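Numbering-wise, the sequence shown is residues -3 to 71 according to the numbering used here.
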Amino acid sequence: MDVSHQLATLASRPLLLWHGDEETWVPPGETFRLQHALQQSGLAENLTASGSRACAHRITPEALAETVGFFKRTL
């Protein structure tokens, strides 16, 4: 799904982007492209972006901790 035309809407609230760089189900490039588009548009104030090396379609303990931290900060 292309959300590039909805950047301002996405940026108006806290947004967490996390991706493993060896993901095969959802291409990591999609996440990185959205992150870059938000940053280039000056809309990354509410963006938290992270990822894991050598990680496929799973949640690592580090990713879980980052996600919990994100929710604690934003909810």
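Positions of the beta carbon are idealized from the N, C-alpha and C atoms, including for glycine. The structure displayed is predicted, hence computed values, not measured ones.
Task: Residues that DSSP places opposite residue 16 in a beta bridge - done: As a position in the sequence shown, residue 16 is number 20, starting the count at 1. Answer is 48.
- [ ] Assign residue 34 to one of two classes, buried (16 or more other C-beta atoms within 10 Å of its C-beta) or exposed (fewer than that).
- [x] On the sequence shown, position 38 is the one that residue 34 refers to. Buried is the call here.
Open item on the list: Tell me whether the segment 31 to 49 and the segment 3 to 20 touch, counting them as touching only if at least three CB pairs, one residue from each stretch, are closer than 8 Å.
Closed with: yes
Open item on the list: Measuring only the C-alpha atoms, how far is residue 119 from residue 67?
Closed with: Past the edges of the chain, shown from -3 to 71, lies residue 119, and the structure says nothing about it.
Task: Own chain partners of residue 0 with C-beta closer than 7 Å, once the 5 adjacent residues on each side are dropped - done: As a first step, residue 0 must be located in the sequence shown, where it is residue number 4. Within the same chain, residue 0 has close Cβ partners 33.
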